[in-house]
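A short worksheet on the structure shown next.
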Amino acid sequence: MKRILIIGIGAGNPDYITMQAVKALNRTDVFFLMDKGQSKDKLIDLRREICETYITEPGYRFAEADCPERVRGDIDYTTAVQDLNRDKQQTFERMINEEMADGEVGAFLAWGDPALYDSTIRILQAILASGRCTFEFDVIPGITSVQALAAQHKVPLNRIGKSVEITTGRRLAAGQASDADTLVVMLDAEDSYRSVADQDLDIYWGAYLGTPDEILISGKVSEVAEEIQRVRKAARLENGWIMDTYLLRKP
1 MKRILIIGIG AGNPDYITMQ AVKALNRTDV FFLMDKGQSK DKLIDLRREI
51 CETYITEPGY RFAEADCPER VRGDIDYTTA VQDLNRDKQQ TFERMINEEM
101 ADGEVGAFLA WGDPALYDST IRILQAILAS GRCTFEFDVI PGITSVQALA
151 AQHKVPLNRI GKSVEITTGR RLAAGQASDA DTLVVMLDAE DSYRSVADQD
201 LDIYWGAYLG TPDEILISGK VSEVAEEIQR VRKAARLENG WIMDTYLLRK
251 P
């Protein structure tokens with residue numbers, strides 16, 4: 001029987017790797033890497049660095065494939081994501097069938113934590129449901145960008161007796177109503193924090209958390225929104241991509 005590990009590798013700092021993840025890395029025969037293009041070579045390089053740092057015995061190998069891209073523009077978002085995951089499912093299924101022998105262990109290295117805004121679990125479940133591929137899989141949790149953001153800004157994620165909600169930039173821009181004391185926003189490609197600049201809110205923003213490129217900005221949304229937008233745009237142009245998240249709460 002083939003076994004697949006989905007290993008959470010944290011938000012960008014190799015030191016975020018847990019001992020459970022280290023043990024999982026050392027059990028793995030083949031690591032599946034999804035190439036997202038030259039602009040995101042750093043993401044592949046980090047995965048290789050983690051393997052070189054923590055795997056004590058040689059013999060593991062990498063299997064690489066081009067990562068399908070989500071269709072953008074005038075298309076329903078949910079439909080676009082479903083189509084993307086279908087394309088990923090085909091790629092994952094082919095790699096598992098062709099790059100692994102029976103009895104081997106394969107691994108996907110998931111940025112952050114596999115259970116938070118990552119589709120690998122859903123994709124593997126869909127492959128098993130199709131009946132075209134047989135394997136068992138385990139999930140190894142990792143440190144999320146949400147945890148790294150709070151730690152780097154030196155603020156607690158929640159306040160005493162208060163709630164925390166994790167949402168997306170798309171929902172925030174659409175006027176999402178929430179009673180949560182703290183709102184953590186991820187996957188914001190449109191600088192949606194500007195939509196709440198007229199409210200009395202503090203923002204704790206971070207990009208490339210845990211990496212040498214890390215950027216942190218905090219303050220009143222009304223006072224730092226333009227700075228965040230300017231810095232974010234410049235960073236994206238320089239690196240070709242950006243991963244950022246932020247926390248909003250009333251003072």
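For the sequence shown, the UniProt record's numbering gives the first residue as 1, with consecutive numbering after it.
For glycine and all other residues, C-beta sits at the position ideal for the given N, C-alpha and C.
Apart from the five residues on each side of it in sequence, which residues of its chain come closer than 6 angstroms, Cβ to Cβ, to residue i?
{"i": "D244", "result": "A207"}
{"i": "I6", "result": "F108, A110, P114, T120 and V139"}
{"i": "N13", "result": "G210"}
{"i": "A24", "result": "L5, I7 and I140"}
{"i": "A63", "result": "V30, F32, M95 and E99"}
{"i": "R27", "result": "V105"}
{"i": "A197", "result": "V221, S222 and A225"}
Below 8 angstroms on the Cβ atoms is my contact criterion, and I expect residue i with residue j to pass it. Report the Cβ-Cβ distance as a whole number of Å.
{"i": "E165", "j": "S145", "result": "With 8 angstroms as the limit, E165 and S145 do not qualify as a contact, their Cβ atoms being about 16 angstroms apart."}
{"i": "S192", "j": "V185", "result": "7 angstroms"}
{"i": "I203", "j": "V231", "result": "Not confirmed; about 13 angstroms, so no contact."}
{"i": "L84", "j": "A150", "result": "With a Cβ gap of about 29 angstroms, L84 and A150 do not count as contacting."}
{"i": "A21", "j": "G142", "result": "7 angstroms"}
{"i": "D181", "j": "R249", "result": "6 angstroms"}
Among all the DSSP beta bridges, which residues are the ones paired with residue i?
{"i": "E165", "result": "L183"}
{"i": "D244", "result": "A207"}
{"i": "D213", "result": "Answer is none; D213 lacks a bridge partner."}
{"i": "A107", "result": "L5 and F31"}
{"i": "V139", "result": "I6"}
{"i": "E64", "result": "L33"}
{"i": "S119", "result": "DSSP lists no partner for S119."}
{"i": "G59", "result": "BP columns for G59 are empty, so no partner."}
{"i": "R170", "result": "R170 pairs with nothing; no bridge assigned."}
{"i": "S218", "result": "Y204"}
{"i": "G112", "result": "G10"}
{"i": "R249", "result": "T182 and D202"}
Less than 7 angstroms between C-beta atoms, sequence neighbours within five positions excluded: which residues of the same chain meet that for residue i?
{"i": "M100", "result": "K2, V30 and G106"}
{"i": "M34", "result": "A65 and C67"}
{"i": "D213", "result": "N239"}
{"i": "I17", "result": "I9, G10, I50 and Y54"}
{"i": "Y117", "result": "M186 and L187"}
{"i": "L237", "result": "none"}
{"i": "A173", "result": "E190, S192 and S195"}
{"i": "Q89", "result": "I123, A126 and I127"}
By Cβ distance, which residues of its chain are closer than 8 angstroms to residue i, with the 5 residues on each side in sequence left out?
{"i": "G219", "result": "D202 and I203"}
{"i": "H153", "result": "Y204, G206, L216, S218 and L247"}
{"i": "D102", "result": "M1 and K2"}
{"i": "Q229", "result": "D191 and R194"}
When every heavy atom of the ligand COA is checked, does at least one fall within less than 6 angstroms of the C-beta of residue i?
{"i": "I160", "result": "Only the bare structure without any ligand can be found here, which leaves the ligand COA out of the picture."}
Would the region 114-125 and the region 155-162 be scored as touching if the rule is three or more Cβ pairs under 8 angstroms?
Touching, no, given that fewer than three Cβ pairs across the two stretches are closer than 8 angstroms.
For the structure I just gave you, are there three or more beta carbon pairs, one from the region 131-138 and one from the region 37-57, closer than 8 angstroms?
Three or more beta-carbon pairs separated by less than 8 angstroms are not found between the region 131-138 and the region 37-57, which leaves the two stretches without contact.
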